[in-house]
Amino acid sequence: MNNELQSALSPQHQSIDYEGEHSRHSIRDVNGKRTLIHNAPFIFTCDEYDKVQVLQNHSIIIDGDTITAVLPASTVNLDNFDIVYDAGKRGGTVLMPGFINTHAHSHMYLMRSAMMLDEGESIDETIAAMAVWQQYETEEALIFAAIGDITEQQKSGITVTLSHGPSFDAIETGTVMTGHTTINAVSAVSNSRPSNTPEMVERLFSNHAHYVSIPAVSLHYLYKTPTEALKKISNLVERHDALVTFHMAESVYVAEETVKKHGIRETALLEKYGLLNEHSLASHVLHLTTEEIHTLAKSHVGIAHLPTSNIIHKSGTFKFWDFEEAGAFPRISLGTDSVVSKNRLDLLTEAYQTRISHLYERTVKFSSLFKMLTSNGARVLRMSDRGRIAPGFKADINFWKLKDRGCIPYDQNEPMTLLGNIITHGGRTVRDLMINGRFIIKNRRHQLVDESKLLGLLQTSHMEMRKRVAGK
Ligand SMILES: [Zn+2]
180 MNNELQSALS PQHQSIDYEG EHSRHSIRDV NGKRTLIHNA PFIFTCDEYD KVQVLQNHSI
240 IIDGDTITAV LPASTVNLDN FDIVYDAGKR GGTVLMPGFI NTHAHSHMYL MRSAMMLDEG
300 ESIDETIAAM AVWQQYETEE ALIFAAIGDI TEQQKSGITV TLSHGPSFDA IETGTVMTGH
360 TTINAVSAVS NSRPSNTPEM VERLFSNHAH YVSIPAVSLH YLYKTPTEAL KKISNLVERH
420 DALVTFHMAE SVYVAEETVK KHGIRETALL EKYGLLNEHS LASHVLHLTT EEIHTLAKSH
480 VGIAHLPTSN IIHKSGTFKF WDFEEAGAFP RISLGTDSVV SKNRLDLLTE AYQTRISHLY
540 ERTVKFSSLF KMLTSNGARV LRMSDRGRIA PGFKADINFW KLKDRGCIPY DQNEPMTLLG
600 NIITHGGRTV RDLMINGRFI IKNRRHQLVD ESKLLGLLQT SHMEMRKRVA GK
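Residue numbering for the sequence shown follows our numbering, beginning at 180 and increasing consecutively.
Laid out in structure tokens, this is it:
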């Protein structure tokens, strides 16, 4: 399947070389290659104390997939690099760490337009409608969906994604095809797929070296998870030092169902089964008491904040300032959710949505939003070598055109105004994108997937899905 797909979607265009780039490298392999990103007018990144810094006229040296130095451009000797990217040319380029999406459902991409976002359904109704579609999914459709979903994310600067869903294989193929970094959180309990069990996830963990994506566990809803499975999963994630993710307190209904099925609320349930710790990543997390918020904060549970999804489905409001006061901010990250819950798979718009959603109380500062996009995301995914542009970190980098709407005009004496512009303007695509030291997007063109062919495939596949659902 992979080879067939790769030839069906391979780009026909010649790889575009930058001025000054010595193209002796293969896109698929950066081992042993030295790359210089030279003379960037602006680099935004958190420092080792998690403070946002702006480096001006700096260069980045990358060996293979890892950043080995970040230093003033004037001190760099330009010899002995396999690739030189001049970030000072073409009006200049703004660099940031690749954004980290801690909650996506990449297998759902073909549902775009099938369930309209804002026609008034509640989250509980949308979930019922989704279940009908899911009966007609094929493995092939899930793979196409994953490729469509991940490439859309990459265009908006996302380099790491946690995808939560039923098919490990579809997300694995989507990851291979797109050059992405994916945490492949597969359902350990599923009504529609009886083969999804904690034992199946255990096998994936044991064979992790054979996969490109990183196995993790997902539970759609805690109230639907039998206690036996909860026990097995907490044991499993502990032994494999892995991650488990679940939707939590997304609606009043879900909170009530948990009490009906388990006799206690979700926070108490997590505590009871040893899941209240840094291995857990909870998404939404809306209907909680102040005491529960403090318990989650103290336990270092990761949070995926999904403001657009919460508003569109009328699920409720995330108590941002209560979490912040409880000390949970370093573990609040951002997610796109799926195309059923958000218009575009972009985190900059989600950062801006965060800002305007919580304005009535206080303003979430641009520097805080930047952390949620980068270092907080890496923290909750337990990836200590991602989310910053610094020596020892993986070379995951966004390249934004500086001479562009949404950047200009800004105060040259106060570069944080530029970050504010980029976040509030939102909805933009990267000029280039580097993941693990290789250019996945160059000059706005994906290097591994021909977007035109992909869109054709997605449209055909979507219409076939509609026919199956309509029983034709
Ligand atoms: Zn979700």
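Here a beta-carbon is modelled for each residue, glycine too, at the ideal position from N, C-alpha and C.
Cα-Cα separation between residue i and residue j, rounded to whole angstroms
{"i": "Ala447", "j": "Phe425", "result": "15 Å"}
{"i": "Leu422", "j": "Pro220", "result": "37 Å"}
{"i": "Asp575", "j": "Ile568", "result": "8 Å"}
{"i": "Ser631", "j": "Leu289", "result": "16 Å"}
{"i": "Ile195", "j": "Asn522", "result": "The pLDDT assigned to Ile195 is 45, lower than 50, so where the model puts this residue is not dependable, and the model offers no usable value."}
{"i": "Lys212", "j": "Ala388", "result": "23 Å"}
{"i": "Met294", "j": "Thr224", "result": "37 Å"}
{"i": "Thr245", "j": "Asn210", "result": "10 Å"}
{"i": "Ser301", "j": "Ala649", "result": "23 Å"}
{"i": "Phe347", "j": "Ser186", "result": "22 Å"}
{"i": "Arg624", "j": "Ala505", "result": "43 Å"}
{"i": "Arg156", "j": "Val438", "result": "Residue 156 lies beyond the range of the chain shown here (180 to 651); nothing can be said about it."}
{"i": "Leu560", "j": "Glu331", "result": "21 Å"}
{"i": "Gly599", "j": "Phe545", "result": "6 Å"}
{"i": "Ile262", "j": "Asp583", "result": "25 Å"}
{"i": "Met275", "j": "Glu183", "result": "35 Å"}
{"i": "Thr553", "j": "Ala324", "result": "25 Å"}
{"i": "Lys580", "j": "Glu436", "result": "48 Å"}
{"i": "Leu398", "j": "Leu449", "result": "12 Å"}
{"i": "Pro405", "j": "Ser371", "result": "15 Å"}
{"i": "Glu417", "j": "Leu467", "result": "26 Å"}
{"i": "Leu538", "j": "Phe260", "result": "47 Å"}
{"i": "Pro594", "j": "Ile329", "result": "31 Å"}
{"i": "Ile322", "j": "Leu215", "result": "34 Å"}
Contact test: residue i Cβ vs ligand 1 heavy atom, cutoff 6 Å
{"i": "Asp516", "result": "yes"}
Residues near residue i in its chain [Cβ-Cβ closer than 6 Å; skip 5 each side]
{"i": "Lys440", "result": "Tyr402"}
{"i": "Ala557", "result": "Ile279, Arg565, Gly566"}
{"i": "Ser517", "result": "His284, Met287"}
{"i": "Thr354", "result": "Thr361, Val391, Ser392"}
{"i": "Leu234", "result": "Ile222"}
{"i": "Ser536", "result": "Pro486"}
{"i": "Val255", "result": "Ser238"}
{"i": "Glu457", "result": "His479"}
{"i": "Ala507", "result": "Ala476"}
Neighbourhood of residue i by C-beta distance below 7 Å, restricted to the same chain and skipping five residues each side
{"i": "Ile337", "result": "Gly277, Phe278, Asn280, Leu526"}
{"i": "Asn181", "result": "Thr352, Val355"}
{"i": "Asn218", "result": "Asn236, Ser238, Ala252, Asp265, Ala266, Gly267"}
{"i": "Ala320", "result": "Leu289, Ser640, Met644"}
{"i": "Ser205", "result": "The pLDDT assigned to Ser205 is 44, lower than 50, so where the model puts this residue is not dependable, and the model offers no usable value."}
{"i": "Glu529", "result": "Pro486, Thr487, Leu513, Thr515"}
{"i": "Gly585", "result": "Asn600, Ile601, His604, Arg607"}
Buried versus exposed call for residue i [16 or more other C-beta atoms within 10 Å across all chains shown]
{"i": "Asn375", "result": "buried"}
{"i": "Glu381", "result": "buried"}
{"i": "Gln314", "result": "exposed"}
{"i": "Ile241", "result": "buried"}
{"i": "Glu540", "result": "exposed"}
{"i": "Ala495", "result": "Sequence inspection shows Gly at residue 495; the Ala mentioned does not correspond to that position. Buried is the call here."}
{"i": "Glu407", "result": "exposed"}
{"i": "Ala310", "result": "exposed"}
{"i": "Gln191", "result": "exposed"}
{"i": "Tyr452", "result": "buried"}
{"i": "Gln638", "result": "exposed"}
{"i": "Glu198", "result": "With a pLDDT of only 38 at Glu198, under the threshold of 50, the placement of this residue in the model should not be trusted; the figure read from the coordinates follows. Exposed, since its Cβ has fewer than 16 Cβ neighbours within 10 Å."}
{"i": "Asp611", "result": "buried"}
{"i": "Pro373", "result": "exposed"}
{"i": "Thr469", "result": "exposed"}
{"i": "Leu460", "result": "buried"}
{"i": "Ala307", "result": "exposed"}
{"i": "Tyr531", "result": "buried"}
{"i": "Glu200", "result": "Note that Glu200 scores 42 on pLDDT, short of 50, meaning its location in the model is unreliable and no value can be drawn from it."}
{"i": "Arg510", "result": "buried"}
{"i": "Thr305", "result": "buried"}
{"i": "Gly606", "result": "exposed"}
{"i": "Gly616", "result": "buried"}
{"i": "Val431", "result": "exposed"}
{"i": "Thr272", "result": "buried"}
Cβ shell of residue i (< 8 Å), same chain only, five flanking positions each side left out
{"i": "Thr596", "result": "Tyr589, Asp590"}
{"i": "Thr533", "result": "His484, Pro486, Phe499, Leu513, Val543, Leu548, Met551"}
{"i": "Ser292", "result": "His641"}
Those residues which DSSP pairs with residue i across a bridge
{"i": "Thr424", "result": "Ser397, Leu460"}
{"i": "Tyr264", "result": "Ile216"}
{"i": "Arg624", "result": "Lys621"}
{"i": "Cys225", "result": "Val231"}
{"i": "Leu274", "result": "Ile222, Phe578"}
{"i": "Ser512", "result": "Ala483"}
{"i": "Met613", "result": "Ile576, Phe618"}
{"i": "Ile443", "result": "Looking at the DSSP assignment, Ile443 forms no beta bridge with any residue, so it has no partner."}
is_contact[residue i, chain D] using C-beta, thresh 7 Å
{"i": "Asn370", "result": "Looking at the structure shown, chain D is missing, and only one protein chain is on hand."}
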